[in-house]
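These notes concern the structure reproduced below.
Residue numbers (the UniProt record's numbering): 1 to 404.
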């Protein structure tokens, strides 16, 4: 507990906290506050940079390669303002691109050492806060706000947004030893994740966990405590299986998870298929340069409004053409392929790598470049941790710092 408080009240934790809250500020705007959360935490991030800019960190070549790919795509979006057919949605997306740019630049200037310990504590705090809020709305019968549009509360995050964060919290908990408290925490996360009914976060979590265990197979060790807890779990399941299942699925629409049925009947699935097909058709008609930033709204609906194909590959192809699609894919191909050889040796890097994968998968079915900074956050956090770990192993850190 002493270590927890010493970490949480450190300046390094503050730097991680304001960065995290700036990126995810859209999810907490339901909290009454006199200033817009994005502006407020953006200003705090700027204040951090004011103090940290005195020392510039020289990063490894592969880190700069990754950042260059990301910034190249952002610049391409900016240049597409010269030929875009959008005037309304393009303004909103330009604002999003500025936030994306700041999301990439901040960690390069703010962090001077590894940050996994601070991020781990923060993710536990986020998970506990989310569980407490969900427990309140669940047991006060207001959980329906996530499913009934007539009861929607302004600025409350969607069930998909909450679900993917619960999935991230679950994956991050794998960095801790499987104590009774941690196991209970994971079970509660899974319970609320299922109650929210988001197929994407659940399926993406399962896929991410499968990849995690495959990559971490040689490091998995069983001891008598793990065996005893597993046997106790089997014992409980045998005698109370019907009661447990009944309680868990009591308020869950099981039909949503029948993908064979959903692919032909579910409105949300059918709509995604339609907009993706329209998006690809737009790309086929304008394959070289696309129609410019923010044009997806007009292409999909005929009106200059916020609308996107729920897939960032198709969105980049629609708005920037083949070069934009290649740039977007190159960001993730470089990230996932290059770092594959390092994550097998370091569990902390592996966990951050898997969370980056989790949000990439979510972007493939529900994402937009309006919220791309969330995915960028995890890539940037990973490469910062990777950079300093590699430096600490090979070269004294002081040689990588330059006074300005």
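All C-beta atoms, glycine included, are put in the ideal place defined by N, C-alpha and C.
Please read these numbers as outputs of a predicted model, since none were measured by experiment.
Check each candidate in the options and name the one with the smallest Cα separation from residue i.
i: residue 194; options: 131, 156, 214; result: 131
i: residue 313; options: 305, 385, 326, 122; result: 326
i: residue 48; options: 71, 106, 274; result: 106
i: residue 382; options: 338, 361, 366; result: 338
i: residue 300; options: 206, 81, 272; result: 272
i: residue 17; options: 71, 97, 120, 78; result: 120
i: residue 185; options: 63, 274, 123; result: 123
i: residue 125; options: 287, 4, 371; result: 4
i: residue 83; options: 292, 306, 58; result: 292
i: residue 134; options: 52, 189, 75, 50; result: 189
i: residue 62; options: 155, 356, 336; result: 336
i: residue 388; options: 54, 182, 108; result: 108
i: residue 376; options: 297, 8, 20; result: 20
i: residue 8; options: 91, 31, 116, 67; result: 116
i: residue 391; options: 52, 60, 34; result: 60
i: residue 191; options: 127, 178, 177, 53; result: 127
i: residue 198; options: 177, 137, 179, 269; result: 269
i: residue 204; options: 129, 139, 365, 25; result: 365
i: residue 168; options: 36, 290, 267, 202; result: 202
i: residue 129; options: 355, 31, 286; result: 31
i: residue 213; options: 46, 353, 34; result: 353
i: residue 304; options: 36, 52, 91, 43; result: 91
Which residue marks the beginning of the beta strand (DSSP E) containing residue i, and which one marks its end?
i: residue 56; result: 55-57
Does the beta-carbon distance from residue i to residue j come in below 8 Å?
i: residue 200; j: residue 160; result: yes
i: residue 86; j: residue 294; result: yes
i: residue 343; j: residue 215; result: yes
i: residue 331; j: residue 99; result: no
i: residue 23; j: residue 373; result: yes
i: residue 320; j: residue 80; result: yes
i: residue 362; j: residue 114; result: no
i: residue 65; j: residue 328; result: no
i: residue 288; j: residue 322; result: yes
i: residue 351; j: residue 174; result: yes
i: residue 13; j: residue 95; result: no
i: residue 357; j: residue 206; result: no
i: residue 89; j: residue 306; result: yes
i: residue 308; j: residue 316; result: no
i: residue 38; j: residue 380; result: no
i: residue 15; j: residue 155; result: no
i: residue 318; j: residue 283; result: yes
i: residue 27; j: residue 157; result: yes
i: residue 78; j: residue 97; result: yes
i: residue 371; j: residue 310; result: no
i: residue 196; j: residue 162; result: yes
i: residue 55; j: residue 112; result: yes
i: residue 101; j: residue 58; result: no
i: residue 50; j: residue 25; result: no
i: residue 279; j: residue 76; result: no
Grab the span of the alpha helix (DSSP H) containing residue i for me, first residue to last.
i: residue 316; result: 312-338
i: residue 125; result: 116-139
i: residue 282; result: 267-285
i: residue 66; result: 61-79
i: residue 12; result: 11-23
i: residue 344; result: Segment: none, residue 344 is in no alpha helix (DSSP H) and carries neither H nor E.
i: residue 51; result: 37-52
i: residue 288; result: Segment: none, residue 288 is in no alpha helix (DSSP H) and carries neither H nor E.
i: residue 32; result: Premise fails: residue 32 is in no alpha helix (DSSP H) and is neither H nor E.
i: residue 105; result: 89-110
i: residue 297; result: 296-301
Can you find a CB in chain B that lies within less than 8 Å of the CB of residue i?
i: residue 382; result: Within the model displayed, chain B is absent; a lone protein chain is all it includes.
Runs of 4 residues minimum, wholly inside the stretch 153-217: which ones carry the alpha helix (DSSP H) assignment?
Whole alpha helix (DSSP H) segments, 4+ residues: 159-172, 180-196, 199-215.
Let me know the alpha helix (DSSP H) ranges lying completely inside the stretch 350-398, each 4 residues or longer, listed in chain order.
If you keep only unbroken alpha helix (DSSP H) runs of at least 4 residues inside the stretch 350-398, you get 372-394.
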